[in-house]
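A.B. asks:
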Amino acid sequence: MAAPNVQIEHKKGEVNELKTSLRNPAIDRDPEKKREVVKRVIAYMTLGIDVSKLFSEMIMATSTKDHVIKKMVYLYICNYAATNPDLSLLAINTLQKDCRDDDPMTRGLALRSFTSLRLPNIVEYLPGAIQAGLKDPSAYVRKTAVLSCVKMHLFSPESLASSDIVNSLYAMLRDRDPQVVANCINALNEILAGEGGMAINRPIIHHLLNRMKEFNEWSQCVARYKPESSQETFDVMNLLEERLKHSNSAVVLGATKVFLHLTQDMPQ
Numbered sequence: 001m002a003a004p005n006v007q008i009e010h011k012k013g014e015v016n017e018l019k020t021s022l023r024n025p026a027i028d029r030d031p032e033k034k035r036e037v038v039k040r041v042i043a044y045m046t047l048g049i050d051v052s053k054l055f056s057e058m059i060m061a062t063s064t065k066d067h068v069i070k071k072m073v074y075l076y077i078c079n080y081a082a083t084n085p086d087l088s089l090l091a092i093n094t095l096q097k098d099c100r101d102d103d104p105m106t107r108g109l110a111l112r113s114f115t116s117l118r119l120p121n122i123v124e125y126l127p128g129a130i131q132a133g134l135k136d137p138s139a140y141v142r143k144t145a146v147l148s149c150v151k152m153h154l155f156s157p158e159s160l161a162s163s164d165i166v167n168s169l170y171a172m173l174r175d176r177d178p179q180v181v182a183n184c185i186n187a188l189n190e191i192l193a194g195e196g197g198m199a200i201n202r203p204i205i206h207h208l209l210n211r212m213k214e215f216n217e218w219s220q221c222v223a224r225y226k227p228e229s230s231q232e233t234f235d236v237m238n239l240l241e242e243r244l245k246h247s248n249s250a251v252v253l254g255a256t257k258v259f260l261h262l263t264q265d266m267p268q
């Protein structure tokens, strides 16, 4: 019967050792050693061992340029902030600070973790963080911010609806990065699913068709669009014609489906 207690005490002792290691200046200056210590913390956490007492030390561990360490620390922060309200404000402040870091990879990682927190008191901070991400000079951060819009919608649809985020997503359909545009299309379809998905109009369709070589999402939008006249129908079909000769069969199939959609109401 004593064995479990001995094991628990042993684990507590190891957690204390980790606390000491995280506070050790020599380890803090050595990225490899610091990474190994943080790995052990995450390993213990995944085994169900309570390492929440290391929260302050793990927060301090975010002061690094090592993205692997940051990823692990963010995982830790998100795990314990959700179950310990006393730690939530510290987590919010840390991630908000990193969302403004000079390194775009750090900004993106921090924003992704920040919008993954399931905390009631985070809702007021989300719109500002996401809007800043949508305007970020880095395409990686913008892509992350677009995906974060969907997270916010799932977590607090009322807050997203009362913000200007949907309008920002529509504006970003003209983003210079094709993956950002693709993410916007998917995000708008998810957020506006109750309204039939993303609103489709002539400017949007023609913009996507003129850039269709850059991404694959054009077909799902065009297939829902109703041209205003027969002349516009033929204009769209002319833009699509070269897609029928594409080497990728999926592209040809997508173009064929759009052709069928556009011509279904035409007189024989």
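Note that the UniProt record's numbering has the sequence shown beginning at 1, numbered continuously upward.
Where is the CB? At the ideal position from N, CA and C, for every residue including glycine.
This structure is a prediction, so every number in the text was calculated from the model and none was measured.
What first and last residue would you give for the alpha helix (DSSP H) that runs through P127?
C.D. replies: Counted from its first residue, the sequence shown places residue 127 at position 127. Per DSSP, P127 belongs to the alpha helix (DSSP H) from 126-134.
A.B. asks: State the Cα-Cα distance for the pair T46 and L111, rounded to the nearest angstrom.
C.D. replies: Working through the sequence shown from its first residue, we reach residue 46 at position 46. Working through the sequence shown from its first residue, we reach residue 111 at position 111. Roughly 23 angstroms between the two C-alpha positions.
A.B. asks: State the CB to CB distance for the pair S52 and C78, rounded to an integer number of angstroms; the pair is presumed to be in contact (CB under 8 angstroms).
C.D. replies: What you label residue 52 is simply residue 52 of the sequence shown in a count that begins at 1. What you label residue 78 is simply residue 78 of the sequence shown in a count that begins at 1. That pair is no contact at about 13 angstroms.
A.B. asks: So, are the CB atoms of L209 and G197 less than 9 angstroms apart?
C.D. replies: Along the sequence shown, one-based indexing puts residue 209 at 209. Along the sequence shown, one-based indexing puts residue 197 at 197. It is not a contact, given that the beta carbons lie outside the stated cut-off.
A.B. asks: Quick check on the burial criterion: 16 or more other C-beta atoms within 10 angstroms. Buried or exposed for H67?
C.D. replies: As a working mapping, residue 67 is identified with position 67 in the sequence shown. It is exposed - the Cβ of H67 has fewer than 16 other Cβ atoms within 10 Å.
A.B. asks: Taking all protein chains shown into account, decide if T94 is buried (16 or more other Cβ within 10 angstroms of its Cβ) or exposed.
C.D. replies: Looking up residue 94 in the sequence shown gives position 94. Result: buried.
A.B. asks: Within this structure, are the beta carbons of L18 and S56 separated by less than 9 angstroms?
C.D. replies: Along the sequence shown, read from residue 1 onward, the residue named residue 18 stands at position 18. Along the sequence shown, read from residue 1 onward, the residue named residue 56 stands at position 56. Against a cut-off of 9 angstroms, the Cβ pair of S56 and L18 comes out as no contact.
A.B. asks: Using CA atoms only, rank isn't needed, just tell me which of A132, R118, T20, T64 is closest to T83.
C.D. replies: By 1-based counting over the sequence shown, the position of residue 83 is 83. The residue with the shortest Cα to Cα distance from T83 is R118.
A.B. asks: Of all the alpha helix (DSSP H) runs that stay within the bounds of the region 136-183, which reach a length of 4 or more residues?
C.D. replies: You should have 139-155, 157-161, 165-171.
A.B. asks: Quick test of your reading: A145 and I122, contact by CB under 8 angstroms. State the CB separation rounded to the nearest angstrom.
C.D. replies: As a working note, residue 145 is residue 145 in the sequence shown. As a working note, residue 122 is residue 122 in the sequence shown. Not quite, the Cβ-Cβ distance comes to about 16 angstroms (not below 8 angstroms), so this is no contact.
A.B. asks: Can you tell me where the alpha helix (DSSP H) holding E57 begins and where it ends?
C.D. replies: On the sequence shown, residue 57 is found 57 positions in, with the first residue counted as 1. Looking at the DSSP string, the run of the alpha helix (DSSP H) that includes E57 is 55-60.
A.B. asks: Do G133 and V141 have their C-beta atoms within less than 9 angstroms of each other?
C.D. replies: As a working note, residue 133 is residue 133 in the sequence shown. As a working note, residue 141 is residue 141 in the sequence shown. Taking 9 angstroms as the Cβ cut-off, G133 and V141 qualify as a contacting pair.
A.B. asks: Please classify G108 as buried or exposed, where buried requires at least 16 neighbouring CB atoms within 10 angstroms.
C.D. replies: What you label residue 108 is simply residue 108 of the sequence shown in a count that begins at 1. It counts as buried.
A.B. asks: Which value, in whole angstroms, describes the spacing of the CA atoms of S156 and S116?
C.D. replies: The sequence position of residue 156 within the sequence shown is 156, counting from 1. The sequence position of residue 116 within the sequence shown is 116, counting from 1. Distance between the alpha carbons of S156 and S116 is about 12 angstroms.
A.B. asks: Report the CB separation of A139 from V180 in whole angstroms; it is logged as a contact under 8 angstroms.
C.D. replies: Numbered from 1 along the sequence shown, position 139 holds the residue referred to as residue 139. Numbered from 1 along the sequence shown, position 180 holds the residue referred to as residue 180. With 8 angstroms as the limit, A139 and V180 qualify as a contact, their Cβ atoms being about 6 angstroms apart.
A.B. asks: Given this structure, state the Cα-to-Cα distance separating N186 from D30, to the nearest angstrom.
C.D. replies: Against the sequence shown, residue 186 aligns to sequence position 186. Against the sequence shown, residue 30 aligns to sequence position 30. Approximately 42 angstroms between the Cα atoms of the pair.
A.B. asks: Evaluate A61 with the Cβ neighbour count: other Cβ atoms within 10 Å of its Cβ, from every protein chain shown; 16 or more gives buried, anything less gives exposed.
C.D. replies: Along the sequence shown, read from residue 1 onward, the residue named residue 61 stands at position 61. With 16 or more Cβ atoms within 10 Å of its Cβ, A61 is classed as buried.
A.B. asks: Under 9 angstroms between the Cβ atoms of T263 and T233?
C.D. replies: Position 263 of the sequence shown holds residue 263. Position 233 of the sequence shown holds residue 233. In contact: T263 and T233 (Cβ atoms closer than 9 angstroms).
A.B. asks: Could you pull out every unbroken alpha helix (DSSP H) segment of at least 4 residues lying fully inside the region 97-125, listed in chain order?
C.D. replies: Whole alpha helix (DSSP H) segments, 4+ residues: 104-114.
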